[in-house]
Structure formats: structure tokens, C-alpha cells
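See structure below.
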Amino acid sequence: MTILVTGATGNVGRTVVTQLLATGADVRATSRNPETAGLPVDVRAADLENPESFSQALDGVEQVFLFPSPAGAQGFVDLAEAKGVKRIVLLSSQAAAHEYYGDSPMRVMHLLVEQVLEKSSVEWTFLRPGGFATNTLMWAQSIKESGRVHVPYAESNTNSIHEGDIAAVAVKALLEDGHVGKAYELTGPESLTQRRQIELISAATGREIEVVDQQGDEARAALKAQFGAYATDQVIDTMLSFYQDTMGKPADLATGVDEVLGRPGRTFAEWARDHKADFTA
Ligand SMILES: NC(=O)c1ccc[n+]([C@@H]2O[C@H](COP(=O)([O-])OP(=O)(O)OC[C@H]3O[C@@H](n4cnc5c(N)ncnc54)[C@H](OP(=O)(O)O)[C@@H]3O)[C@@H](O)[C@H]2O)c1
55 MTILVTGATG NVGRTVVTQL LATGADVRAT SRNPETAGLP VDVRAADLEN
105 PESFSQALDG VEQVFLFPSP AGAQGFVDLA EAKGVKRIVL LSSQAAAHEY
155 YGDSPMRVMH LLVEQVLEKS SVEWTFLRPG GFATNTLMWA QSIKESGRVH
205 VPYAESNTNS IHEGDIAAVA VKALLEDGHV GKAYELTGPE SLTQRRQIEL
255 ISAATGREIE VVDQQGDEAR AALKAQFGAY ATDQVIDTML SFYQDTMGKP
305 ADLATGVDEV LGRPGRTFAE WARDHKADFT A
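Heads up: the sequence shown at position 155 corresponds to 209 in the working numbering, and the numbers run straight through without jumps.
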């Protein structure tokens with residue numbers, strides 16, 4: 055039984071590979087650039103936007119961890135069915151679960167892939183995480199270079215999740231029965247402001263970090279500069295509304311991690327310790 059991990063070079067996919075290997079599973083991975091993937095498994099070249107590129111990679115595969123790529127999703131699932139794949143665990147998003155996100159791309163793109171799977175004959179499980187703790191890695195360069203970081207709406211609240219917990223839920227859903235047809239909302243175990251997250255990175259690294267809080271047009275310009283071509287005005291608007299709506303109000307916490315893993319999610323303090331090298335090396 056081979057398990058295929060797509061998006062295997064990403065924060066979550068790489069951790070899924072590591073955790074699956076620890077269970078003794080037979081793991082194969084894909085990347086658009088297998089030669090630089092740096093993974094300890096058989097890595098095949100494939101691009102989700104060109105589903106036919108998975109023709110070889112899906113040979114003998116029973117389960118798939120699927121990175122969400124709306125372009126090509128239908129073709130990928132059709133091919134997976136034809137190849138005899140039984141189960142697909144999708145990395146989706148909490149945005150798929152909440153109308154709050156309206157028709158923003160981060161909701162629409164994940165819903166589209168979910169709908170393709172719902173209409174298929176494969177067993178599916180959706181992982182719907184909120185914000186990843188790894189998003190704070192965007193502060194690493196500035197912290198390393200200057201000991202200072204610019205943060206849009208530093209007092210906004212987050213429920214950041216450790217990628218190791220998303221991966222652990224994925225592994226359970228891939229290997230155990232009982233998760234088929236479930237959509238798990240996944241967050242970290244605590245609501246923290248971004249300012250508090252930086253304090254915890256500071257504690258983990260032993261380095262003082264100055265926070266420069268940004269609001270309004272300054273925050274918009276900073277997000278534009280940060281996300282560039284990836285972020286349309288609509289995406290920036292959604293991000294700004296989200297920051298503003300979570301000021302002075304604790305972030306909602308979901309129960310999926312506890313439900314599936316039987317333990318609370320890992321804290322941001324733990325995440326910061328795990329990633330100390332990213333903020334110091
Ligand atoms: N960040 C958040 O707060 C958040 C919250 C909820 C959901 N999400 C979801 O999680 C995703 C990010 O996950 P991550 O952090 O693990 O990834 P990541 O570190 O951003 O890495 C991106 C991964 O996507 C793969 N990829 C991109 N385009 C591809 C394509 N056309 N075909 C095949 N693979 C492709 C890349 O593979 P190669 O380059 O090796 O081909 C790489 O493994 C987001 O895109 C979103 O869908 C994120």
C-alpha cells in the first residue's frame with residue numbers, strides 16, 4: 055500500500071512525509087522540482103495544474119494527501135479514481151467552512167476542490183486549518199537583520215496552528231478508518247495577539263524584538279509589498295478585515311485537533327522553540 059503525498063515540499067506536506075515514515079508506511083512524494091525536494095522518499099515530478107503528469111506517480115497508490123490546487127483538481131481526481139486510489143485527504147482551509155470569507159479566493163478555491171472530491175467515488179476527509187504558525191516565518195528575515203519587525207494590526211488575535219498538528223491529523227485520516235466524509239476545522243489551542251507571538255519568538259530565541267505596529271493605509275501597503283502578485287486587492291481586503299475584526303476579541307478556537315488526536319494542539323510557544331533556528335540562523 056503506497057501513500058502519495060503531494061505538496062510534499064511544503065510546510066505541511068513535508069511534515070506529513072516525516073510522520074508517515076515514522077509509522078512505517080510506504081511513502082511516495084511529488085514535486086514540480088524533485089531534484090531539489092530534499093525528501094527521504096521516492097519523489098516524482100508532477101504538477102497539479104497538469105493532472106496527466108501524475109500518471110506514473112499514482113501507480114499502486116491507495117491513499118493521497120492532496121495539496122489544494124483548483125486548476126486541475128477535477129482531472130487529478132478523475133485520474134486517481136481510474137488508478138484505483140481509495141482515499142484522499144485534502145489540505146483545505148477554515149475559510150471553506152465560513153461564509154465570513156464571502157467570495158474571497160481563499161474560500162472559493164478550497165471549496166472548489168472540496169466539491170470535486172464530494173462528487174467523486176473516493177473516500178475523502180477535509181482538513182480545514184485556520185492560520186498556520188508558519189505564517190510568522192515571514193518575520194524571520196527582518197528579525198534576523200534588524201531585531202525589528204513591522205506587523206499589520208499587531209493587537210489582532212490569531213489561533214495559529216502548528217504544522218505538526220495538521221500533519222498528525224492528516225496521518226490519522228490517511229491510515230485510520232472513521233474519518234471518511236469528515237471535515238475537520240483545525241486551530242491552535244489558544245488565542246494570541248500577533249504582538250504576543252513575537253514575545254514568544256523573542257523568548258525562544260533569547261533576542262529582543264521591536265514591534266512596529268501598522269494600521270490603515272500603511273498596513274495595506276505593507277501587505278501589498280509582502281504578498282505582491284499573489285494577493286489581489288480582494289485578498290488584501292479580506293486580510294485587513296480579518297485583522298480589524300480580531301482586534302480586542304479572542305480568536306475562535308476549533309475542536310478538530312483534540313477530537314482526532316485526543317490531545318490539545320501544540321502551543322505557539324512550543325512552535326517558536328521548534329523553529330528557533332529559523333529566526334536566528
Ligand atoms: N498559510 C495559512 O495560514 C493557510 C491556512 C489554511 C489553509 N492553507 C492552505 O495551505 C497551503 C499552504 O500549505 P503549505 O504551507 O504546506 O505549503 P507551502 O509551504 O506554501 O508550499 C507550497 C507547496 O505547494 C506545492 N505546489 C504549489 N503549486 C503546485 C502545483 N501546481 N502542483 C503541485 N504542487 C504544487 C509546492 O510543491 P513544489 O514547489 O515542490 O512543486 C509546495 O510543496 C495554502 O496554499 C492553502 O491552500 C494555508
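The beta carbon of each residue, even a glycine, is placed where N, CA and C say it ideally should be.
These numbers come from a predicted model, not from an experiment.
Quiz item: Would you say the beta carbon of N213 comes nearer than 7 Å to a heavy atom of ligand 1?
Solution: no
Self-check item: Minimum C-alpha distance to E313 - residue among A335, T300, G232
Solution: G232
Exercise. Please check the pair S85 and V97, which I expect to be a contact at CB under 8 Å, by giving their CB distance rounded to whole angstroms.
Key: 6 Å
Practice problem: State yes or no: is the C-beta of D101 nearer than 7 Å to some heavy atom of ligand 1? | Solution: yes
Self-check item: Endpoints, the beta strand (DSSP E) within which P206 is located
Solution: 202–206
Quiz prompt | Residue range of the unbroken alpha helix (DSSP H) whose run includes D157 | solution = Counting along the chain, D157 falls outside any alpha helix (DSSP H), and DSSP gives it neither H nor E.
Quiz item: CB of T292 to nearest heavy atom of ligand 1: below 7 Å?
Solution: no
Quiz item: Excluding the five sequence neighbours on either side, which residues of its own chain have a C-beta within less than 8 Å of the C-beta of P318, listed in chain order?
Solution: P243, V311, D312
Practice problem: Taking 8 Å as the threshold, find out whether the region 155–169 comes into contact with the region 281–298 through three or more Cβ pairs. | Solution: yes
Exercise. Pick out whichever of D80, I197, A62 has its Cα sitting closest to the Cα of A335.
Key: I197
Exercise. Within 10 angstroms of the Cβ of M163, are there 16 or more other Cβ atoms? Answer buried if so, exposed if not.
Key: buried
Practice problem: Could you tell me whether any non-hydrogen atom of ligand 1 is closer than 7 Å to the CB of A62? | Solution: yes
Quiz item: Who are the Cβ neighbours of A127 in its own chain at under 6 Å, not counting the five residues just before and after it?
Solution: V167, V170
Practice problem: Compute the minimum distance between the beta carbon of P105 and the heavy atoms of ligand 1, and state whether it is under 7 Å. | Solution: no
Practice problem: Say whether chain B places a C-beta atom closer than 8 Å to the C-beta of G138. | Solution: Judged by its chain identifiers, the structure shown contains no chain B, having just a single protein chain.
Quiz item: Looking at F130 and L102, is the spacing between their C-beta atoms short of 8 Å?
Solution: yes
Quiz item: R202: buried (16+ other C-beta within 10 angstroms of its C-beta) or exposed?
Solution: exposed
Self-check item: Residues near R274 in its chain [Cβ-Cβ closer than 7 Å; skip 5 each side]
Solution: I290, L294
Quiz item: With burial defined as no fewer than 16 other Cβ atoms inside 10 Å of the residue's Cβ, what is the status of T309: buried or exposed?
Solution: exposed
Self-check item: Minimum C-alpha distance to Q195 - residue among L58, K330, P88
Solution: K330
Quiz item: Would you report the Cα separation of T77 and G302, rounded to the nearest angstrom?
Solution: 42 Å
Exercise. Could you say if the region 322–329 and the region 253–262 meet the contact criterion of at least three C-beta pairs nearer than 8 Å?
Key: yes
Quiz prompt | DSSP bridge partner residues for N211 (one or two, in chain order) | solution = T247
Quiz item: Assuming L144 contacts P159 under a Cβ cut-off of 8 Å, what Cβ separation, rounded to an integer in Å, is found between them?
Solution: That belief does not hold up - the Cβ atoms of L144 and P159 are roughly 17 Å apart, past 8 Å.
Exercise. Mind listing, in chain order, the continuous beta strand (DSSP E) runs of no fewer than 3 residues lying wholly within the region 91–118?
Key: 96–99
Exercise. Please classify Y238: is it buried, with 16 or more other beta-carbons within 10 angstroms of its beta-carbon, or exposed?
Key: buried
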